[in-house]
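The numbering of the sequence shown is the numbering used here, which starts it at 2 and goes up by one.
Note sheet for the following structure.
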Amino acid sequence: MFIHCDVNCSSLEWRANLELNRLLRSATGLAWRSVRGPLPAGKGIVLGRPEAGSAVERLVAEAGLANDLAWAGEQGYIIASVTAGDHSVVLVAAEEPRGVLYGAMRLASLAGWRFYLSREMPPVDTDGELAAALRSEEGRWPGLRLAQRPRFAVRGALPWFNFLCGPTSWDEEDWASYIDGLARSGANTLGFHVYTGGLERYYTYVEPFVRVAAEGVLPEAELDTTATARWGYRPMATREFAAGSALCYSHEVFGSEAAVPKGDLRSRYERAQRLLGYRDAPGKCMGHRYFPRDRGGHRSA
């Protein structure tokens, strides 16, 4: 079976195609094909926007889904089974690429997948009509007609820095996984809390995500590691960790790759900002495609 996108689809639509392919291959054991170009005959899934001359435009018109799609709006989507000629498809259509992504992940959830910020869980119940249809290259799709749109315009998370159990110690792979988890969950906002110093006890609490120099003087800043002591704990080498857990660490200091090794002041700013994509191109994760960067140093829709 196939998962189809138009030849002129956006990079986010194609990524949604590949992500749905990965999930369905894992759940069904079938060799799903991701196709970009003319719509193949047979049984499959079609993702995309109703661009002029596209297969999505034709299927929306033939199935009478234009009003459903208009109701779904900019960030919504429709999911419907459509039989037309020699095609039997599940159509996931939206007005915007991120709506296509949301719809693709919703189809995966209808098939039993569950998405969380920390992990994804494969289907447990595989007895439903849709699950059975996804496992068979023969037959038709069950009747589907769903139109959904977000209840809230702003949906997302604000991961809190400073503590080693949170994003302070994350590397590129951790951020990519987290942002992709937001994307699969239908979020559109990622915020950052940043300490920039202050009076009394907080004057040393400067994190290197925002770089503000005064008369050529750059404030001391760093991300916390097990070698720092700003939040009520004492520095400790990983070799001192209890119960043999030192074997899990390859370095004497535990922390983000942007903070270990410590390096000089300017390198700490550069590495921290590069990690979050403030200065360099965003990391290769799905969520970065629709969290545009703004001057405030956060990503929002």
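Note that beta-carbon positions come from the ideal geometry of N, C-alpha and C, so glycine has one too.
Quick caveat: nothing in here was measured; it's all calculated off a predicted structure.
Would you mind working out which of the options sits nearest residue i, comparing C-alpha positions?
i, options, result
"Val61", "Ala273, Thr229, Ile80, Leu248", "Ile80"
"Leu224", "Ser178, Ala214, Pro236, Glu208", "Glu208"
"Thr47", "Thr84, Ala177, Trp72", "Looking at the sequence provided, one finds Val at residue 47 rather than Thr. If we check each option's Cα against that of Val47, Thr84 comes out closest."
"Gly192", "Val218, Phe162, Gly217", "Phe162"
"Glu20", "Tyr103, Glu271, Ala42, Glu96", "Tyr103"
"Arg16", "Arg37, Gly54, Glu271", "Arg37"
"Ala95", "Gly54, Glu58, Glu258, Gly278", "Glu58"
"Gly182", "Pro236, Arg120, Pro220, Leu135", "Arg120"
"Val254", "Ala238, Val101, Pro143, Arg34", "Ala238"
"Leu219", "Phe242, Asp265, Tyr250", "Asp265"
"Met2", "Val90, Ala154, Leu70, Cys249", "Val90"
"Ala132", "Val211, Ala228, Ala112", "Ala112"
Compute the Euclidean distance between the alpha carbons of residue i and residue j, then round it to the nearest angstrom.
i, j, result
"Ser246", "Asp172", "20 Å"
"Arg23", "Ala109", "10 Å"
"Leu147", "Trp72", "11 Å"
"Gly65", "Asn189", "29 Å"
"Lys196", "Ala177", "A small fix is needed here, since residue 196 is Tyr in this sequence, not Lys. Going from the Cα of Tyr196 to the Cα of Ala177 covers about 23 Å."
"Ala32", "His5", "14 Å"
"Tyr234", "Ala222", "18 Å"
"Tyr206", "Glu216", "20 Å"
"Arg150", "Gly157", "16 Å"
"Leu13", "Pro98", "6 Å"
"Asp281", "Gly129", "Summary for Asp281: the model assigns pLDDT 41, below 50, so the residue's position carries little reliability; its value from the coordinates is reported in the next sentence. Those two C-alpha atoms are separated by around 45 Å."
"Gly203", "His252", "Checking the sequence shown, residue 203 turns out to be Tyr, not Gly. Cα-Cα distance, rounded: 29 Å."
"Thr169", "Gly54", "48 Å"
"Val213", "Tyr270", "10 Å"
"Arg267", "Trp232", "23 Å"
"Gly144", "Ser82", "6 Å"
"Ala28", "Thr127", "9 Å"
"Ala134", "Leu159", "39 Å"
"Arg50", "Leu40", "14 Å"
"Glu63", "His88", "12 Å"
"Gly297", "Gly198", "For Gly297, the predicted structure reports a pLDDT of 35, less than 50, and the residue's modelled location is therefore unreliable. The matter cannot be settled from this model."
Strictly by DSSP, which residues pair up with residue i?
i, result
"Phe164", "Note: Phe164 sits in no beta bridge, so no partner."
"Phe116", "Glu121"
"Thr197", "Val207"
"Ala133", "Answer by DSSP bridge pairing: none, since Ala133 is not bridged."
"Ile4", "Ser35, Ile46"
"Leu183", "Paired residues: none, contrary to the question."
"Arg146", "Ala81"
Say yes only if the C-beta of residue i is nearer than 7 Å to one or more non-hydrogen atoms of the ligand HEM, and no if none qualify.
i, result
"Leu165", "What this structure holds is no ligand at all, so the ligand HEM is not there to describe."
Taking Cβ positions, are residue i and residue j nearer each other than 8 Å?
i, j, result
"Asn9", "Glu75", "no"
"Leu118", "Tyr78", "no"
"Ala56", "Asp7", "yes"
"Ser257", "Leu276", "yes"
"Met106", "Arg185", "yes"
Where in the segment 60-87 do unbroken runs of the alpha helix (DSSP H), each at least 4 residues long, occur, reported from the N-terminal end onward? Within the segment 60-87, the runs of alpha helix (DSSP H) that reach at least 4 residues and sit entirely inside it are, in chain order, 67-73.
In chain order, each alpha helix (DSSP H) run of at least 4 residues that lies wholly inside the segment 243-286: List check, alpha helix (DSSP H) in window: 266-276.
Counting only runs that start and end within the segment 10-66, where is the beta strand (DSSP E) found for 3 or more residues in a row? Taking 3 residues as the shortest admissible run, the segment 10-66 contains the following complete beta strand (DSSP E) segments, listed from N- to C-terminal end: 34-37, 43-49.
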